[in-house]
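As they're listed, the protein sequences go chains A and B. Take the first sequence: its letter number 2 is residue 187 in the numbering used here, and every next letter is one higher. Take the second sequence: its letter number 88 is residue 777 in the numbering used here, and every next letter is one higher.
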Amino acid sequence: MGVITTFEQFLVRILQILFWLLLLIPMILTPIILLILPYFDISSLYPLVPFKERVDYNQFLKFLMDPTLVFPYLGDWMKTDFFKVVIFPGFTFAALFSGVIITWWERKFLSKVHNRYGPVYAGKFGGILQSIADLFKLLFKEIIIPERVDKLFFFMAPMGTLAISGALLALIPLGPSTYIARSNLSLLLIFAVLGFYPIVVLLASWASANKFSFIGGLRSLHQLVSYEIPLLLSVLGIVIMAGSLDLIRIVEAQVSLWFLIPQFLGAIVFIIATLAELERIPFDLPEADTEIVAGWLTEYSGMLFAIIQLAAYLKFYALSALFTVLFLGGWHGPIFLPPEAWTIIKVFLVMSFLMLIRGSMPRIRIDQLIRIGWVWLITIALINLFIALFIYSMGVKF
Amino acid sequence: MAERTLTLSIGPQHPGAGHFRLIVVLDGDIVVDVKPDPGYVHRGAEKMAEYRTYIQNIPHLERPVIIDSSGILFPYVLASEELLDLPPPPRAQYIRIIMAELNRIISHLYWLGIYGVFVGHTTMFLWPVGDRELFIDLAQMIAGARVTFAFFVPGGVRNDIPDDFPDKAIKVCNYYEKRLKEYEKIFFYNPLVLKRTQGVGILKREDAIELGATGPNLRGSGVKSDVRKDEPYSSYDDIDFEIPVYKDGDCWSRCMVRLGELYQSMNIIKQAIKKMPSGPVKNAKRGVLKGIEGEAFARTESARGTMAYYIISDGKPYPYRLKLSVPSFRCLSLMKHLLVNQHVADIPAIYWGLDYWPVEADK
């Protein structure tokens, strides 16, 4: 990179060092910390570490020799909020599932549609480590910051998208007791959180000081704002039938019959609006690569781009999980698998279906997109609402 | 008005343009003005041809449009045969037809792949590009090369076709006709593709004639014009084929014309294989080839439209002047006509729907 002459270069260098540190700390410092840890009373840190009592050095060595000794502590630890938020069903699980497994599966699955191999070389089985390899590639990339960029918002946007996607995860239950937060209004909260997304995208596109970014940002704004309405209307029928905005209640109402069957029109509207919210083909106009380079992502590179992609896949996972919870009976399934496994299997199938649409459709135009949203989807969603009201007035209880 | 507009430079590094720049003035989502900016890959092919012998010009003149290399060479050999007095034997004429139609298929499949990805259909990018290999392999069996064949020579073709070629070619054509039905289902009659391409970039019949469109762009506007039928050259009059013509003049019509040409090209290849007489494939002459004093003009139907050469000879081994008229250059005036008052998202759909090849236009 050479000699630092400007403030911008200084910032770039600092950021690169920061990313290196973030990479190196887990690799070098973690073992050292683990070695020092037994000499201090760490029980006060309890949720951060899975130990409740003071651990002496011998005991720590014993744990190292026989990891099964940690099991009695794990049961308690897994019930803490810390575990739920950070590990399962929170961020780590969702990021690994959507960022590693789903990205790999999307590439592999789409490659079968495309009549090609897809990732092959990374990993023993079908290039399964390709996402990790990509992550490392992006880690080593220089983060290029154009001169006229508004730096505060430029950096804020990736973090903002990640925060929004992460917040969505908190509200979605994977099992009867596997959730991070429960609220009587959790469905409404999800839409409230989704409402922040266009603001972040518009900020990013404006801050990028690029015409293509700007067009992409405006497209994204139009698209996200107009498709939130059909998305919200499509689930109102479920709210009426289940009598609650609480996602756990909604799943419990589907014991005998999935809402997919009485609310079929709603499910179609939800899927289409979800594709638009996710900015995926056929609604990937904000990132249309042959029209406006990469849309609002044009100026992002390196880890900033990786963070936006991770956020996009987390959102993909969250909205697919929401579809599962609302229409596919959530965790209900035959007894031989735990409820969380059923949710994840269904989410996986929903995501695969959306990938299939990606492989078979072209991109549509912004005026057509908005017409579909405002005319067709809202009409169908309202018809669906009347069906739900009719079923409710017949006195059918779910 | 000036404050409302946004000037956008699409290309030359933009993925949608390639060796070419479109300066677009936007008012919101609508294009109000377009300025095509060609010339990034101008190499002076015509001037360079004056310093090369008639044989040396063969690989050189292929370079402007390597994906349709036989198409750009065909009129050159026809014109130079007149000057060199080397009529091709009948078998060579049929082999030329086979090669030219193979190359038309290869070029159209490349176009289809890019067109697919330009309207956002990723599968339609990879299927044609993958199936194109079949035809490239066939061409490789004949000419030895995969892209730039340099196969046509004044007086015939370079070599005879191998013995196992006819069977394999018919097998590939039969397979690919079935495969094209799948293409139609997933792309040509896909409702969203219809929404994107029907009624977009309408080129009326009169405008198409006035602006000098050729080839599939002209036939997409309802003009039944094809040099292969109008002025049959090289035994095309022996072969029974149809010219696909669509009347609407929109992007979809131009797509469907090219799809129809894929079917017809395979039909022509099959017929040419059956009707091919035996005999020599080259009318060879020893020594340095010197053109007779005079001029020659020849035009053929290449994958993109009418390709024409005008060669003047002053009795030397080099052409005195070589003028190349390419179909892509005519797309520039069409572009200016079609892109105005369209949406930004339609720019790639219209632009590549014309099958504009920047290198060919720049020569």
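All residues carry an ideal CB built from backbone N, CA and C; glycine is no exception. Keep in mind that this is a model prediction, so the values were computed, not measured.
Determine the closest residue to residue i out of the options, with distance taken between C-alpha atoms.
i	options	result
B/R947	B/Y1045, B/D826 and B/L798	B/L798
B/E931	B/V1015, B/L951 and B/M737	B/L951
B/D820	B/V808, B/I795, B/T811 and B/K724	B/I795
A/L314	A/L281, A/S578 and A/R465	A/L281
A/G580	A/F397, A/I520 and A/G428	A/G428
A/N369	A/F310, A/V424 and A/A497	A/V424
B/F832	B/S1014, B/I784 and B/Y865	Reading the sequence as shown, one finds Ala at residue 832 of chain B and not Phe. Closest by alpha carbon: B/I784.
A/S419	A/V454, A/K396 and A/D431	A/V454
A/T475	B/N792, B/V806 and B/Y998	B/V806
B/L827	B/I958, B/Y743 and B/R693	B/I958
A/P343	A/E484, A/I563 and A/G558	A/E484
B/A897	B/S1022, B/L1013, B/M955 and B/P851	B/S1022
B/P921	B/L715, B/S910, B/T742 and B/R988	B/R988
B/D1053	B/H708, B/P701 and B/P764	An answer regarding residue 1053 of chain B cannot be provided, because it is not within the stretch 690 to 1052 covered by chain B.
B/L881	A/P467, A/L495, A/T564 and A/L347	A/P467
Establish whether the CB of residue i and some CB of chain B are separated by less than 8 angstroms.
i	result
A/S299	Going by the sequence as given, residue 299 of chain A is His instead of Ser. It does: the Cβ of A/H299 has a partner Cβ on chain B nearer than 8 angstroms.
A/Q194	no
A/T470	A small fix is needed here, since residue 470 of chain A is Leu in this sequence, not Thr. True, the Cβ-Cβ gap to chain B drops below 8 angstroms.
A/V478	yes
A/R550	yes
A/M396	The question names Met, but residue 396 of chain A in the sequence shown is Lys. Interface residue, yes.
A/A473	yes
A/Q553	yes
A/M250	no
A/G312	no
A/M579	no
A/S537	no
A/S545	yes
A/P331	no
Applying the 10 Å Cβ sphere with the 16-neighbour rule, what's the burial state of residue i?
i	result
A/S362	exposed
A/D261	exposed
A/Y412	buried
A/Y364	buried
A/H407	buried
A/M426	buried
A/R548	buried
A/S441	exposed
B/E790	buried
B/K768	It is worth fixing the name first, because residue 768 of chain B is Ala in this sequence and not Lys. When all chains shown are included, B/A768 counts as buried.
A/M212	exposed
A/F449	exposed
Measuring only between beta-carbons, confirm whether residue i sits less than 8 angstroms from chain A.
i	result
B/P1037	yes
B/T811	yes
B/W816	yes
B/I875	yes
B/F763	no
B/N879	yes
B/K867	no
B/F807	yes
B/R885	yes
B/H708	no
B/G819	yes
B/L697	yes
B/D726	no
B/V1015	no
B/A768	no
B/D826	no
B/A1034	yes
Using the DSSP secondary-structure output, state which residues sit across from residue i in a beta bridge.
i	result
B/I1001	B/E984 and B/R1010
B/S991	B/G994
B/H1032	B/I719
B/G845	B/V842 and B/K971
A/K161	Residue 161 of chain A lies beyond the range of chain A shown here (186 to 583); nothing can be said about it.
B/K724	B/I712
B/I699	B/L711
B/T694	B/D716
Whole alpha helix (DSSP H) runs in the region 506 to 535 of chain A with 4 or more residues, listed along the chain? none
Segments of 4+ residues assigned as alpha helix (DSSP H) that fall wholly inside the region 755 to 821 of chain B: 758 to 773 and 779 to 807
Go through the region 409 to 457 of chain A residue by residue and report every complete run of the beta strand (DSSP E) that reaches 3 residues or more, in order. none
Which complete alpha helix (DSSP H) runs does the region 263 to 345 of chain A hold, if anything under 4 residues is left out? 266 to 271, 276 to 281, 288 to 299 and 315 to 324
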